[in-house]
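Notes follow the structure.
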Amino acid sequence: MIEVRNLTKRYGAKTAVDDLSFTVAPGKVTGFLGPNGAGKSTTLRMVLGLDEPTSGRATVCGVPYRDLARPLTRVGALLDTGGAHPGRTARDHLRVLAASHGLPAGRADEVLEQVGLAGAARQRVRGLSLGMGRRLGVAAALLGDPEVLVLDEPVNGLDPEGVRWIRELMRALAARGRTVLVSSHLMNEMAVTADHLVVVARGRLLADTSVDAFVAAHSDVTVLARVSDPEGMRRALRERGIESARRDDATLAVSGASAEQVGRVAGAENITVLGLTESGSSLEEAFMRLTREHAEYRASTGGIR
Amino acid sequence: MKHAVAAEWVKLTTLRSPKWSFAVYLGLMVALACVYGTLSGEKTLTAPGFDPVGLGLSAVPLGAIVLVVMGILAVTGEYASGSIRTSLLAVPDRARFYYAKVGLVSLAGGVLAVAGVVPAFLIVQYGIGEHAAPAAAATVGHVLGAVLYTALLVAFSMGVATLLRSGAATLSLLLPLFFMLSTILSNVPVVGEAARFLPDVAGARVLSGAEPEGALGPWTGLGVLALWTAGAVGAGRWATVRRDV
Numbered sequence: 001m002i003e004v005r006n007l008t009k010r011y012g013a014k015t016a017v018d019d020l021s022f023t024v025a026p027g028k029v030t031g032f033l034g035p036n037g038a039g040k041s042t043t044l045r046m047v048l049g050l051d052e053p054t055s056g057r058a059t060v061c062g063v064p065y066r067d068l069a070r071p072l073t074r075v076g077a078l079l080d081t082g083g084a085h086p087g088r089t090a091r092d093h094l095r096v097l098a099a100s101h102g103l104p105a106g107r108a109d110e111v112l113e114q115v116g117l118a119g120a121a122r123q124r125v126r127g128l129s130l131g132m133g134r135r136l137g138v139a140a141a142l143l144g145d146p147e148v149l150v151l152d153e154p155v156n157g158l159d160p161e162g163v164r165w166i167r168e169l170m171r172a173l174a175a176r177g178r179t180v181l182v183s184s185h186l187m188n189e190m191a192v193t194a195d196h197l198v199v200v201a202r203g204r205l206l207a208d209t210s211v212d213a214f215v216a217a218h219s220d221v222t223v224l225a226r227v228s229d230p231e232g233m234r235r236a237l238r239e240r241g242i243e244s245a246r247r248d249d250a251t252l253a254v255s256g257a258s259a260e261q262v263g264r265v266a267g268a269e270n271i272t273v274l275g276l277t278e279s280g281s282s283l284e285e286a287f288m289r290l291t292r293e294h295a296e297y298r299a300s301t302g303g304i305r
Numbered sequence: 001m002k003h004a005v006a007a008e009w010v011k012l013t014t015l016r017s018p019k020w021s022f023a024v025y026l027g028l029m030v031a032l033a034c035v036y037g038t039l040s041g042e043k044t045l046t047a048p049g050f051d052p053v054g055l056g057l058s059a060v061p062l063g064a065i066v067l068v069v070m071g072i073l074a075v076t077g078e079y080a081s082g083s084i085r086t087s088l089l090a091v092p093d094r095a096r097f098y099y100a101k102v103g104l105v106s107l108a109g110g111v112l113a114v115a116g117v118v119p120a121f122l123i124v125q126y127g128i129g130e131h132a133a134p135a136a137a138a139t140v141g142h143v144l145g146a147v148l149y150t151a152l153l154v155a156f157s158m159g160v161a162t163l164l165r166s167g168a169a170t171l172s173l174l175l176p177l178f179f180m181l182s183t184i185l186s187n188v189p190v191v192g193e194a195a196r197f198l199p200d201v202a203g204a205r206v207l208s209g210a211e212p213e214g215a216l217g218p219w220t221g222l223g224v225l226a227l228w229t230a231g232a233v234g235a236g237r238w239a240t241v242r243r244d245v
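Shown next as structure tokens:
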């Protein structure tokens with residue numbers, strides 16, 4: 001359980017995090033979503049006691065992080081900056097952390113095994129690839145077998161295999177009742193990973209909602225359905241409160257429903273579906289639209305200058 | 001606190017550079033002792049006011065620089081690599097983290113100083129034979145003082161390093177101070193009086209067996225260094241607790 005209440009962080013005149021409040025519940029993956037510069041990392045650093053809030057507070061397991069007695073057994077964190085000394089071996093990095101909690105050095109070997117790094121245990125951190133470094137970070141987060149996990153942009157720069165690994169790991173941890181908070185600037189990644197979304201831009205909260213609700217509210221999808229009986233299909237859809245329009249002889253443009261819903265309606269009415277296509281703006285576009293007016297750094301659309 | 005110190009111990013012993021520092025320090029102390037012990041001519045040894053204690057401890061300031069660099073890097077290496085964040089996630093009580101690090105590394109500096117200063121002193125005394133310092137309590141006091149001087153200088157530098165957070169900045173501030181500035185200032189009239197109270201100059205009083213000239217005796221000098229150290233360590237604590245990382 002993570003609770004953020006009226007959290008604010010100012011650097012001089014610049015407000016990085018602005019009166020942010022949200023709660024992260026156990027048993028699911030919560031995506032912390034926002035464009036670059038939205039204040040995600042700053043918020044996570046305050047949650048983890050690394051940065052002091054200007055006002056407001058953040059608690060983990062009911063207390064501020066700095067008050068946790070054996071923090072690594074309660075909270076595991078993966079920071080975007082790596083956080084391991086390049087001159088130390090992967091195993092020694094974990095041994096330092098184990099020693100700080102009186103955990104046996106064998107625990108380091110266990111988590112290295114768990115993240116698939118046992119073979120690189122004696123390699124120095126500077127020699128690890130990006131993907132291996134990320135795995136080492138995850139190993140450090142899992143070292144104390146914590147109930148809360150905070151991961152800052154864990155899939156950034158990873159290859160598809162690494163992305164899938166992180167995704168499955170987060171799902172598995174949430175399924176075991178852990179609290180998982182993961183930040184990302186990629187909506188599509190969160191749509192397949194997270195159950196719940198906290199969306200921020202310019203340090204402000206834009207949405208705190210389930211992924212399903214977010215998708216329903218913000219995706220603007222039209223389903224093109226080619227069916228054997230277009231008029232009968234229109235009636236059937238209207239009875240269910242779904243609007244549609246004729247495109248041509250056999251095609252209906254259906255809005256406000258997913259392809260799956262349309263298919264099910266057709267099945268229930270014994271209408272043969274000849275083709276189904278979803279078109280319109282993607283979730284990523286919906287997310288960008290939502291954050292555009294708040295986004296601090298807009299991507300230049302003028303090409304290369 | 002026990003676990004925080006244990007973590008610092010693992011940190012110190014799992015990097016290459018501290019091990020190199022240990023080796024260089026011990027090698028340097030013994031090598032310089034051999035030079036001073038064998039190459040000091042009869043003229044030096046029989047000169048009026050010859051100070052066998054001072055000769056036996058003359059390698060101490062140079063050797064201390066090696067351990068000072070080790071202490072500075074133990075602090076700034078964490079900031080440079082970003083591992084400070086991981087360290088503070090593990091030990092979020094900032095003061096505890098800081099005292100564990102400064103305490104353990106300074107203590108390691110002190111232990112190494114025993115291993116370096118004592119043999120170096122004995123080698124020099126053996127080398128100069130009949131001119132050697134008397135086996136008296138005062139002599140032992142100076143050797144002990146040399147060990148304390150080294151450990152205090154390491155702690156002082158770690159405090160400054162924590163305040164500056166940069167190895168380059170700390171080294172470019174402290175090395176000229178320790179190597180030259182203090183010596184130069186000490187020789188300028190008027191300013192020289194004040195320069196006696198600089199941390200390394202005051203602390204180095206204990207390295208001399210000669211009668212103290214001026215205000216500071218060996219132990220008051222060491223006391224002045226201890227005050228500087230307390231100030232620097234206190235400032236470092238403030239920076240560690242108050243600043244974001």
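So the sequence lines, in the order shown, correspond to chains A and B.
Under full-length UniProt numbering, think of the first position of the first sequence as 1, with each following residue one higher.
Under full-length UniProt numbering, think of the first position of the second sequence as 1, with each following residue one higher.
Ideal placement from N, C-alpha and C gives every residue a C-beta, glycine not left out.
Because the structure is a prediction, the values reported are computed rather than measured.
Buried versus exposed, by CB contacts within 10 Å (16 or more), residue i
i        : result
B/Ile72  : buried
A/Trp165 : buried
A/Lys40  : buried
B/Trp20  : exposed
A/Glu52  : exposed
A/Met233 : buried
B/Glu78  : buried
B/Pro176 : exposed
B/Lys11  : buried
A/Met46  : buried
A/Pro35  : buried
A/Arg202 : buried
A/Gly267 : exposed
B/Ser106 : buried
A/Thr42  : buried
A/Ser228 : exposed
A/Thr23  : exposed
A/Leu290 : buried
A/Gly302 : Residue placement at A/Gly302 is poorly supported in this model, since its pLDDT is 38, which falls under 50; the coordinates are not used for a value here.
Contact under 7 Å by Cβ, residue i with residue j
i        : j        : result
B/Leu45  : B/His131 : yes
B/Leu153 : B/Glu8   : no
A/Val211 : A/Leu181 : no
A/Ala191 : A/Leu283 : yes
A/Val29  : A/Met170 : yes
A/Ala77  : A/Leu48  : yes
A/Arg204 : A/Asp18  : yes
B/Val241 : B/Ala95  : yes
A/Leu136 : A/Ala90  : yes
B/Lys124 : B/Gly63  : Lys is not the amino acid found at residue 124 of chain B; the sequence shown has Val there. For B/Val124 and B/Gly63, no; Cβs fall outside 7 Å.
B/His3   : A/Gly31  : no
A/Gly37  : A/Leu7   : no
Cβ neighbours of residue i in the same chain (closer than 6 Å, five flanking residues each side left out)
i        : result
B/Leu185 : Val191 and Ala195
A/Arg10  : Thr54
B/Ile84  : Glu78 and Val245
B/Arg205 : Leu216, Pro218 and Gly221
Same chain only: Cβ atoms within 7 Å of residue i, ignoring 5 sequence neighbours per side
i        : result
B/Leu148 : Leu222
A/Ala105 : Arg95 and Ala98
Same chain only: Cβ atoms within 8 Å of residue i, ignoring 5 sequence neighbours per side
i        : result
A/Ala217 : Thr209
B/Arg5   : The identity of residue 5 of chain B in the sequence shown is Val, whereas the question assumes Arg. Contacts found: Ala100, Gly103 and Leu104.
A/Ala146 : Note on identity: in this sequence residue 146 of chain A is Pro, with Ala being the wrong assignment. Result list for A/Pro146: Leu72, Thr73, Arg74, Val75, Gly76 and Arg178, in chain order.
A/Asp249 : Pro230
B/Leu174 : Val68, Ile72, Ser157 and Val160
Integer-rounded CB distance, given that residue j should sit under 8 Å from residue i
i        : j        : result
A/Glu269 : A/Gly256 : In fact, because the Cβ distance is near 18 Å, the residues do not count as touching under 8 Å.
A/Gly131 : A/Asp152 : Their Cβ separation, rounded to whole angstroms, is 16 Å, which puts A/Gly131 and A/Asp152 out of contact at 8 Å.
B/Leu171 : B/Val69  : 7 Å
B/Thr86  : A/Ala84  : 7 Å
A/Gly177 : A/Gly27  : 5 Å
B/Leu67  : B/Leu39  : That belief does not hold up - the Cβ atoms of B/Leu67 and B/Leu39 are roughly 25 Å apart, past 8 Å.
B/Gly54  : B/Leu225 : Not quite, the Cβ-Cβ distance comes to about 17 Å (not below 8 Å), so this is no contact.
A/Leu128 : A/Ala120 : 7 Å
A/Val265 : A/Arg235 : Going by Cβ atoms, the distance from A/Val265 to A/Arg235 rounds to 10 Å, so no, they are not a contact pair.
A/Val223 : A/Ala259 : 5 Å
### Query
Quick check: the segment 21–33 of chain B against the segment 52–70 of chain B, are there 3 or more CB pairs under 8 Å?
Verdict: yes, contact present.
### Message
Quick test of the definition: if touching needs 3 or more C-beta pairs under 8 Å, does the segment 63–80 of chain A touch the segment 77–95 of chain B?
### Response
Segment contact: the segment 63–80 of chain A against the segment 77–95 of chain B, three or more CB-CB distances shorter than 8 Å; contact assigned.
#### Entry: Meets three-Cβ-pair contact criterion under 8 Å: the segment 185–195 of chain A and the segment 113–120 of chain A
Output reads no: the segment 113–120 of chain A does not touch the segment 185–195 of chain A.
### Query
Below 8 Å, can you find three or more Cβ-Cβ pairs linking the segment 58–66 of chain A to the segment 262–281 of chain A?
Contact between the segment 58–66 of chain A and the segment 262–281 of chain A is absent: fewer than three C-beta pairs spanning the two stretches fall below 8 Å.
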